[in-house]
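Below is one structure, written out as structure tokens; comments come after it.
Number of protein chains: 2
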Amino acid sequence: MNRAAMSRAKAGRPRPASVKDVASRAGVSVGTVSNVLNRPDRVSEATRQRVEQAMAELGFIRNESARQLRAGKSRSLAYVMLDASNPFFTDVAMGIEDAAARASMSTFLCHSGGDAARERTQLQLLEQQRVQGILITPVDPGSAVIDEIRARGTHVVIVDRTRQGDTICSVSVDDELGGRLAVEHLIDRGHRRVAFVGGPHSIGQVRDRWAGASEAWRAAGLPEDDLVRLDTERLSVDEGRVAGQRIAGLSTRRRPTAAFCANDLLALGLLQQAVTTGRRVPDDLAIIGYDDIEFAAAAAVPLTSVRQPRQQLGETAARLILDETDNPDHQHESVVFTPELVARRSTLG
Amino acid sequence: MNRAAMSRAKAGRPRPASVKDVASRAGVSVGTVSNVLNRPDRVSEATRQRVEQAMAELGFIRNESARQLRAGKSRSLAYVMLDASNPFFTDVAMGIEDAAARASMSTFLCHSGGDAARERTQLQLLEQQRVQGILITPVDPGSAVIDEIRARGTHVVIVDRTRQGDTICSVSVDDELGGRLAVEHLIDRGHRRVAFVGGPHSIGQVRDRWAGASEAWRAAGLPEDDLVRLDTERLSVDEGRVAGQRIAGLSTRRRPTAAFCANDLLALGLLQQAVTTGRRVPDDLAIIGYDDIEFAAAAAVPLTSVRQPRQQLGETAARLILDETDNPDHQHESVVFTPELVARRSTLG
DNA sequence: CGTTGAGCGTGAAACGTTTCATCAACGAGG
DNA sequence: CCTCGTTGATGAAACGTTTCACGCTCAACG
Numbered sequence: 000m001n002r003a004a005m006s007r008a009k010a011g012r013p014r015p016a017s018v019k020d021v022a023s024r025a026g027v028s029v030g031t032v033s034n035v036l037n038r039p040d041r042v043s044e045a046t047r048q049r050v051e052q053a054m055a056e057l058g059f060i061r062n063e064s065a066r067q068l069r070a071g072k073s074r075s076l077a078y079v080m081l082d083a084s085n086p087f088f089t090d091v092a093m094g095i096e097d098a099a100a101r102a103s104m105s106t107f108l109c110h111s112g113g114d115a116a117r118e119r120t121q122l123q124l125l126e127q128q129r130v131q132g133i134l135i136t137p138v139d140p141g142s143a144v145i146d147e148i149r150a151r152g153t154h155v156v157i158v159d160r161t162r163q164g165d166t167i168c169s170v171s172v173d174d175e176l177g178g179r180l181a182v183e184h185l186i187d188r189g190h191r192r193v194a195f196v197g198g199p200h201s202i203g204q205v206r207d208r209w210a211g212a213s214e215a216w217r218a219a220g221l222p223e224d225d226l227v228r229l230d231t232e233r234l235s236v237d238e239g240r241v242a243g244q245r246i247a248g249l250s251t252r253r254r255p256t257a258a259f260c261a262n263d264l265l266a267l268g269l270l271q272q273a274v275t276t277g278r279r280v281p282d283d284l285a286i287i288g289y290d291d292i293e294f295a296a297a298a299a300v301p302l303t304s305v306r307q308p309r310q311q312l313g314e315t316a317a318r319l320i321l322d323e324t325d326n327p328d329h330q331h332e333s334v335v336f337t338p339e340l341v342a343r344r345s346t347l348g
Numbered sequence: 000m001n002r003a004a005m006s007r008a009k010a011g012r013p014r015p016a017s018v019k020d021v022a023s024r025a026g027v028s029v030g031t032v033s034n035v036l037n038r039p040d041r042v043s044e045a046t047r048q049r050v051e052q053a054m055a056e057l058g059f060i061r062n063e064s065a066r067q068l069r070a071g072k073s074r075s076l077a078y079v080m081l082d083a084s085n086p087f088f089t090d091v092a093m094g095i096e097d098a099a100a101r102a103s104m105s106t107f108l109c110h111s112g113g114d115a116a117r118e119r120t121q122l123q124l125l126e127q128q129r130v131q132g133i134l135i136t137p138v139d140p141g142s143a144v145i146d147e148i149r150a151r152g153t154h155v156v157i158v159d160r161t162r163q164g165d166t167i168c169s170v171s172v173d174d175e176l177g178g179r180l181a182v183e184h185l186i187d188r189g190h191r192r193v194a195f196v197g198g199p200h201s202i203g204q205v206r207d208r209w210a211g212a213s214e215a216w217r218a219a220g221l222p223e224d225d226l227v228r229l230d231t232e233r234l235s236v237d238e239g240r241v242a243g244q245r246i247a248g249l250s251t252r253r254r255p256t257a258a259f260c261a262n263d264l265l266a267l268g269l270l271q272q273a274v275t276t277g278r279r280v281p282d283d284l285a286i287i288g289y290d291d292i293e294f295a296a297a298a299a300v301p302l303t304s305v306r307q308p309r310q311q312l313g314e315t316a317a318r319l320i321l322d323e324t325d326n327p328d329h330q331h332e333s334v335v336f337t338p339e340l341v342a343r344r345s346t347l348g
């Protein structure tokens, strides 16, 4: 047994068939095999069939690394998610995947989990893979790594975040408007003391929603002190519960009659805390969330929420990056979607 | 301007620096650059620094395609998820990613969405990428495509499913035991008429949980007719609501006092339907779910659920595939985890 | 009959790495 | 002074594709 055969047996992994193998089996040149693969019209019916037959017999699978190396570009996009455990982002991811698949591109999903170091590693990996483009919901939209990547030639689109006055594609939702819609709704329903639950305020999202909320409040001519800002450490269910306790701890005079939460996870936590401590929703406390994830509508008291067009966000992001990679005179674009209030029982009673 | 420069300018994407560029800038050979990259100990301190400097200046990023082509293998795993919108699977995915990262492997996440055709496409793509191994929660565990892939040399581990008497690695959870635990708990709590909500029964999971449930029922010597099987079309929140209506529609004599749902999504839907139509949980209807996703604990009436070690499932799957690819005398293994009942208010009152 | 032009196929070069046999330089030991 | 071994660097081959400039064949046409 020669060395090659030995190592092959040991590895247990037979060398996959290559175009060369297919070519010799079909009695043609490798160039022809490649033509069958890439421009079937350039090759006669008869030989095409012979080659395809050989491929089937050998179980030929095209080696994408080699293809990519020669062609100089890959057929794949990547989306770096901020938090895979938040259904909002998985929906965005599915929108991206769909749109990419329609353009016969494959999508790699990665996951930073809000950790900047991890995000860096993921990006490095993707750059090494020479993906066509990177879609990302960054931990920090201002981060320089994004610029470095772009400087090296990989296209990047920012998803669900924006960058001030920058020349980069992004898709996002008008969070200030969302905040306004939420608070206007609460004011319409007669609430005159309202809590804004969210944080940390280092997140642009949170800042904008808060800004919209307080703007609506001022516009209605209500006293500034009666819009209470309750800061949270994260946008999680736990923190929602904590916020609920803090609200319960306030004196009756100061206690808000409604809460606007910066996302649905917070709202669900708050809802749970309220209900389990015997407060009625919305009579004792009205609650409004943000994102309108599936679980918001599924809560025991269905949650009013500000809906973002999640799938569409993803689809548009994919469209933008495809344009950027294909179209020589691509113009950077910041698409801003309009959120929509979905009123349910948690504010309607 | 020559043609190369023109097309380069037009594409707007400068050709990234290669080892050759780095080599000439550092005044060494390409072999040396490669050594710096792969066995830094083989190269003197001085040249190493020179090369690293050159890399930094040129913004060199290793081309993974070329690396892979030459080395014959990739540094990546893939997980094909069944349903990204179910938090259970994202948790499993995170477990896989963590374990893979620890072994300095990157992970590609794909998503079949329960669609066999889509699954096939994804698998084909992954095979073309020559990933080291594929982890998959298959649409149909019995499908032949899995065998074909393995026959061609790519290792596969089945996640959260099993295959009868087959020689393939898998990780799963003892669903029959889970079903038993759930129903025993309900019997303990005094329930004598119980519904099993789940379907379709073509899913192994559902069958096993049902089997465990009816076994526990028989073992307690209770009349078979009093364990009612309510079939659903899918394992979704919607279907949970439908099941709730069906339960409500039963005559008082026949109506169960508790429901065991085949997953948490169903349970949440059922819970919502019950609560919004004025039934009290657990007094009028006790509910128990399966998976113990985060939203189960976060429900207004916190859900009793059967917990599966999700992260650990993922980690173990990753461990298995790494062993299979690295260890020449790897033995196939079917790891079965033990589920655990987490009792909360939806059954405790 | 000679020329032309499709229509098909060919073969070699190139993509960016890694690997490996080889070589140069140099110090130690005889 | 010669030989050896060690250390560090080199250069060419190889991985599996795609691409492209050529050929070959044959039918049509002048």
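Chains as they are written, first to last, in numbering that gives the first Met the number 0: chain A, 0 to 348; chain B, 0 to 348.
Every residue, glycine too, gets a C-beta built ideally from N, C-alpha and C.
Requested in this report: Just mark glycine 198 of chain A as buried or exposed, buried being the case when its beta carbon has 16 or more other beta carbons within 10 Å.
Outcome: In the first sequence, counting from the first residue as 1, residue 198 of chain A sits at position 199. Classification of glycine 198 of chain A: buried, given that the 10 Å Cβ count is 16 or more.
**Report entry** isoleucine 287 of chain A, DSSP secondary structure in three states
**Finding:** Stepping through the first sequence from its first residue, residue 287 of chain A is reached at position 288. When secondary structure is reduced to three states using DSSP, isoleucine 287 of chain A falls in the strand class.
Query raised in the report: Would you say histidine 331 of chain A reaches chain B, if we count a Cβ-Cβ gap shorter than 8 Å as a contact?
Result: Working through the first sequence from its first residue, we reach residue 331 of chain A at position 332. No - not a single Cβ of chain B is within 8 Å of the one on histidine 331 of chain A.
Requested in this report: Specify, as a first and last residue, the run of the alpha helix (DSSP H) that serine 33 of chain B falls within.
Outcome: As a first step, residue 33 of chain B must be located in the second sequence, where it is residue number 34. Segment 29 to 37, the alpha helix (DSSP H) holding serine 33 of chain B.
Query - Of the listed residues A:His329, A:Ile202, A:Arg162, A:Thr303, nearest to alanine 143 of chain A (C-alpha basis) - result: Here residue 143 of chain A corresponds to residue number 144 of the first sequence, with the count starting at 1. Comparing Cα positions, the closest option is A:Arg162.
Query raised in the report: Using a Cβ-Cβ cut-off of 6 Å (strictly less than) and excluding sequence neighbours within five positions of glutamate 96 of chain A, which residues of its own chain qualify?
Result: Walking along the first sequence from the start, residue 96 of chain A turns up at place 97. Thr106.
Query raised in the report: Who are the neighbours of aspartate 90 of chain A on chain B, taking C-beta pairs under 9 Å?
Result: Start at 1 with the first residue of the first sequence, and residue 90 of chain A comes out as number 91. Listed along the chain, the chain B residues whose CB falls inside 9 Å of the CB of aspartate 90 of chain A are Ala83, Ser84.
Query raised in the report: For arginine 344 of chain A, which residues from the same chain have a beta carbon less than 6 Å from its beta carbon, with the 5 sequence-adjacent residues on both sides left out?
Result: Within the first sequence, residue 344 of chain A is the residue found at index 345, counting from 1. So the list reads Val300, Pro301, once near-sequence residues are dropped.
Query - Positions along the region 255 to 278 of chain A whose CB lies within less than 9 Å of some CB in chain B - result: If the cut-off is 9 Å between Cβ atoms, the region 255 to 278 of chain A has Leu264, Leu267, Gly268, Leu270, Gln271, Ala273, Val274, Thr275 near chain B.
Report task. Consider the Cβ of arginine 206 of chain B: report whether some Cβ of chain A lies at a distance smaller than 8 Å. Result -> Along the second sequence, one-based indexing puts residue 206 of chain B at 207. Residue contact check for arginine 206 of chain B against chain A: no CB pair falls below 8 Å.
Query raised in the report: What does serine 64 of chain B reach in chain A if we use C-beta pairs closer than 7 Å?
Result: Taking the first residue of the second sequence as 1, we reach residue 64 of chain B at position 65. The answer, in chain order, is Ser64, Gln67, Leu68, Arg129.
Query raised in the report: Pairing CB atoms from the region 267 to 286 of chain B with CB atoms from the region 246 to 257 of chain A, are three or more of them under 8 Å?
Result: Cβ pair count under 8 Å is below three, so no.
Query raised in the report: Using the rule of at least 16 other Cβ atoms within 10 Å of the residue's Cβ for burial, across every protein chain shown, is alanine 115 of chain B buried or exposed?
Result: Looking up residue 115 of chain B in the second sequence gives position 116. By the 10 Å Cβ count, alanine 115 of chain B comes out exposed.
Query raised in the report: Using a beta-carbon distance below 8 Å, is glycine 58 of chain B in contact with chain A?
Result: For the purposes of this step, residue 58 of chain B is taken as residue 59 along the second sequence, with counting starting at 1. Yes, glycine 58 of chain B counts as interfacial toward chain A.
Query raised in the report: Nearest CA to the CA of arginine 188 of chain B: which residue from B:Thr303, B:Pro39, B:Gln311?
Result: By 1-based counting over the second sequence, the position of residue 188 of chain B is 189. Among B:Thr303, B:Pro39, B:Gln311, the Cα nearest to that of arginine 188 of chain B belongs to B:Thr303.
Report task. Taking only the alpha-carbon atoms, compute the straight-line gap between glycine 112 of chain B and alanine 53 of chain B and give it to the nearest angstrom. Result -> If you number the second sequence from 1, residue 112 of chain B lands on position 113. If you number the second sequence from 1, residue 53 of chain B lands on position 54. Taking the straight line from one Cα to the other gives about 46 Å.
Report task. Run the CB neighbour count on valine 27 of chain B, radius 10 Å, all protein chains shown included, and call it buried at 16 or more, exposed below. Result -> Here residue 27 of chain B refers to the residue found at position 28 of the second sequence. Answer is buried; the Cβ neighbour count reaches 16.
Query raised in the report: Could you give the distance in angstroms between the alpha-carbon of alanine 92 of chain B and the alpha-carbon of asparagine 85 of chain B?
Result: Counting from 1 along the second sequence, the entry for residue 92 of chain B is found at position 93. Counting from 1 along the second sequence, the entry for residue 85 of chain B is found at position 86. C-alpha of alanine 92 of chain B to C-alpha of asparagine 85 of chain B: approximately 11 Å in a straight line.
Query raised in the report: In or out: glycine 243 of chain A buried (at least 16 other Cβ within 10 Å) or exposed?
Result: Position 244 of the first sequence, counted from the first residue, corresponds to residue 243 of chain A. Buried, since its Cβ has 16 or more Cβ neighbours within 10 Å.
Query raised in the report: Quick one: Cα of asparagine 1 of chain B to Cα of histidine 329 of chain A, how far?
Result: For the purposes of this step, residue 1 of chain B is taken as residue 2 along the second sequence, with counting starting at 1. For the purposes of this step, residue 329 of chain A is taken as residue 330 along the first sequence, with counting starting at 1. Because asparagine 1 of chain B carries a pLDDT of 34, less than 50, the predicted location of this residue cannot be relied on, and no value is offered for it.
Query raised in the report: If we count Cβ pairs, one from each stretch, closer than 8 Å, do we get three or more for the region 288 to 296 of chain B versus the region 211 to 231 of chain B?
Result: Flag = no, the region 288 to 296 of chain B and the region 211 to 231 of chain B do not touch.
**Report entry** Every unbroken beta strand (DSSP E) inside the region 249 to 323 of chain B [3 residues or more]
**Finding:** Taken in chain order, the whole beta strand (DSSP E) runs of length 3 or more contained in the region 249 to 323 of chain B are 257 to 260, 285 to 290, 303 to 306.
Report task. List the residues of chain B that serine 304 of chain A touches, going by C-beta distances under 9 Å, in chain order. Result -> Residue mapping note: residue 304 of chain A aligns to position 305 of the first sequence, counting from 1. Under the 9 Å cutoff, chain B gives no residues; its nearest Cβ is about 15 Å from serine 304 of chain A.
Query raised in the report: Would you say arginine 24 of chain A reaches chain B, if we count a Cβ-Cβ gap shorter than 8 Å as a contact?
Result: Residue mapping note: residue 24 of chain A aligns to position 25 of the first sequence, counting from 1. No - not a single Cβ of chain B is within 8 Å of the one on arginine 24 of chain A.
**Report entry** Nonlocal neighbours in the same chain, by C-beta distance under 6 Å from alanine 266 of chain B, ignoring five residues either side
**Finding:** For the purposes of this step, residue 266 of chain B is identified with residue 267 of the second sequence, where counting begins at 1. Cys260, Ile286, Gly288, Leu302.
Requested in this report: Please check if any C-beta of chain B sits within less than 8 Å of the C-beta of aspartate 152 of chain A.
Outcome: As a working note, residue 152 of chain A is residue 153 in the first sequence. Position check: residue 152 of chain A holds glycine in this sequence, whereas aspartate was assumed. Among the residues facing chain B, glycine 152 of chain A is included, as its CB has a counterpart in that chain under 8 Å away.
Query - Same chain only: Cβ atoms within 6 Å of arginine 24 of chain A, ignoring 5 sequence neighbours per side - result: As a first step, residue 24 of chain A is located in the first sequence; it is residue number 25 there, counting from the start. Ala53, listed in sequence order.
Query raised in the report: So what does DSSP say about isoleucine 202 of chain A, is it helix, strand or coil?
Result: Position 203 of the first sequence, counting from 1, holds the residue named residue 202 of chain A. It is coil, neither helix nor strand.
Query raised in the report: How far does the beta strand (DSSP E) with alanine 77 of chain B in it reach, from first residue to last?
Result: As a first step, residue 77 of chain B is located in the second sequence; it is residue number 78 there, counting from the start. 75 to 80 is the span of the beta strand (DSSP E), which, as asked, contains alanine 77 of chain B.
Requested in this report: Please classify histidine 154 of chain B: is it buried, with 16 or more other beta-carbons within 10 angstroms of its beta-carbon, or exposed?
Outcome: Sequence index remark: in the second sequence, residue 154 of chain B carries index 155 (1-based). Buried, because 16 or more other Cβ atoms sit within 10 Å of the Cβ of histidine 154 of chain B.
Report task. Give the secondary structure of aspartate 40 of chain B by DSSP, where H, G and I count as helix, E and B as strand, and everything else as coil. Result -> Within the second sequence, residue 40 of chain B is the residue found at index 41, counting from 1. Reduced to three states, the DSSP call for aspartate 40 of chain B is helix.
Query raised in the report: So, does the CB of phenylalanine 87 of chain B fall closer than 8 Å to a CB anywhere in chain A?
Result: The residue given as residue 87 of chain B occupies position 88 in the second sequence. No, its Cβ sits nowhere closer than 8 Å to a Cβ of chain A.
**Report entry** Residues of its chain near serine 169 of chain A, where Cβ-Cβ distance is below 6 Å and the 5 sequence neighbours each way are ignored
**Finding:** If you number the first sequence from 1, residue 169 of chain A lands on position 170. Around serine 169 of chain A, the same chain offers Ile157, Thr161, Ser333 as residues with beta carbons nearer than 6 Å, after the five sequence neighbours per side are excluded.
Query raised in the report: Do leucine 81 of chain B and arginine 61 of chain B have their C-beta atoms closer together than 8 Å?
Result: One-based indexing of the second sequence puts residue 81 of chain B at position 82. One-based indexing of the second sequence puts residue 61 of chain B at position 62. By the CB criterion at 8 Å, leucine 81 of chain B and arginine 61 of chain B fall outside the cutoff.
Requested in this report: May I have the straight-line CA-CA distance separating leucine 57 of chain B from asparagine 34 of chain B, to the nearest angstrom?
Outcome: In the second sequence, counting from the first residue as 1, residue 57 of chain B sits at position 58. In the second sequence, counting from the first residue as 1, residue 34 of chain B sits at position 35. Distance between leucine 57 of chain B and asparagine 34 of chain B, taken at the CA atoms: about 18 Å.
Report task. Compute the Euclidean distance between the alpha carbons of proline 15 of chain B and glutamine 121 of chain A, then round it to the nearest angstrom. Result -> On the second sequence, position 16 is the one that residue 15 of chain B refers to. On the first sequence, position 122 is the one that residue 121 of chain A refers to. If you take the alpha carbons of proline 15 of chain B and glutamine 121 of chain A, they lie about 19 Å apart.
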